[in-house]
Amino acid sequence: MTRTAEQAKGRAGRLARLMPSGPSTAARTPFVLLVVLLLAGGLISLLLLNSALNEGSFRLSKLKRETTELTDEQQALQRDVDSYSEPDALERRARELGMVPGGSPAFLNPDGTVSGVPERATAQPSTPTALPAPEASVPVPTGQPSPPGPTFPSASPAPSDSPVTPSTAATTPAPTTTGR
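Counting in full-length UniProt numbering, the sequence shown runs from 1 upward without gaps.
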């Protein structure tokens with residue numbers, strides 16, 4: 001047994017020489033620190049990336065909301081423009097300003113000749129297409145004059161020194177399309 005004990009001692013001695021004699025944590029410390037730093041850096045970078053994406057998402061939703069509001073406003077303004085440019089509305093506003101429909105127009109050709117016969121525009125009382133309805137809730141007491149109706153400008157011709165000429169008289173515009 002002595003021989004086997006010596007062999008065991010020899011084997012243990014050889015194994016003891018292969019193992020480091022000092023504390024083994026000194027070799028692991030840099031590796032553990034490296035792994036911890038990599039994990040911490042990865043988590044911090046993920047948090048920063050996530051917050052940047054959330055900020056972009058909030059900004060995108062705000063811009064979409066603003067776009068919707070501006071689109072609604074643009075459509076409302078377009079409806080107003082369309083209602084003001086209807087032929088009936090233009091005619092009513094022109095009559096309110098004292099304009100009258102023009103006569104038959106005359107055109108100048110490129111060679112200087114006149115095509116057509118120019119006529120002076122006169123104020124002819126015509127029935128407007130859309131008169132406001134009289135209010136039935138306001139009774140007119142007897143003995144007092146009735147409320148005035150729509151007034152039209154007189155048909156008196158313009159003075160000769162007036163800048164208004166038949167060529168500058170207003171004409172009824174042709175209906176326009178809005179491209180819809």
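Just so you know, even glycine gets a beta-carbon here, dropped at the ideal spot from N, CA and C.
Contacts around residue 162, its chain only, beta-carbon distance under 7 Å, and the 5 residues preceding and following it disregarded:
Within the sequence shown, residue 162 is the residue found at index 162, counting from 1. Low per-residue confidence applies at residue 162: pLDDT is 42, beneath 50, and the placement is therefore not dependable, though the value from the model is reported in the following sentence. Taken in chain order, the list of residues that qualify is empty.
Quick one: grab the DSSP three-state call for residue 117.
For the purposes of this step, residue 117 is taken as the residue at position 117 of the sequence shown. Of the three classes helix, strand and coil, the one that applies to residue 117 here is coil, per DSSP.
Under 8 Å, with one C-beta from each stretch per pair, do the region 87-95 and the region 108-116 reach the 3-pair mark?
no
Leaving out five residues before and five after residue 116 in sequence, what residues of the same chain have Cβ atoms less than 8 Å from its Cβ?
Start at 1 with the first residue of the sequence shown, and residue 116 comes out as number 116. Excluding sequence neighbours, residue 116 sits near 104, 105, 106, 107.
With DSSP collapsed to three states, give me the class of residue 12.
Locating residue 12 in the sequence shown gives position 12, counting from the first residue. Reduced to three states, the DSSP call for residue 12 is helix.
Pull the bridge partners of residue 107 from the DSSP assignment, please.
Against the sequence shown, residue 107 aligns to sequence position 107. DSSP, once it has assigned bridges, lists 115 as partnering residue 107.
Hey, residue 76 and residue 83 are a contact pair by Cβ (cut 8 Å); roughly how many whole angstroms apart?
The residue you call residue 76 lines up with position 76 of the sequence shown. The residue you call residue 83 lines up with position 83 of the sequence shown. Residue 76 to residue 83, Cβ: 11 Å. No contact.
Could you give the residue range of the alpha helix (DSSP H) that holds residue 91?
Here residue 91 is taken as the residue at index 91 of the sequence shown, counted from 1. Element bounds for residue 91: 87-96.
Alpha-carbon to alpha-carbon, residue 61 and residue 71
The residue given as residue 71 occupies position 71 in the sequence shown. The residue given as residue 61 occupies position 61 in the sequence shown. Spanning the two alpha carbons is a distance of roughly 15 Å.
How many Å lie between residue 64 and residue 80 at the Cα?
Position 64 of the sequence shown, counted from the start, is the residue given in the question as residue 64. Position 80 of the sequence shown, counted from the start, is the residue given in the question as residue 80. Near 24 Å, if we compare the C-alpha coordinates of residue 80 and residue 64.
DSSP three-state call for residue 27: helix, strand or coil?
Here residue 27 refers to the residue found at position 27 when the sequence shown is read from its first residue. Residue 27: helix per DSSP, three-state reduction.
How big is the Cα-Cα spacing for residue 31 and residue 68?
For the purposes of this step, residue 31 is taken as residue 31 along the sequence shown, with counting starting at 1. For the purposes of this step, residue 68 is taken as residue 68 along the sequence shown, with counting starting at 1. Roughly 55 Å separates the two Cα atoms.
Quick one: residues in its chain with C-beta nearer than 6 Å to the C-beta of residue 34, no 5 flanking neighbours on either side, listed in chain order?
The residue you call residue 34 lines up with position 34 of the sequence shown. Around residue 34: no qualifying Cβ.
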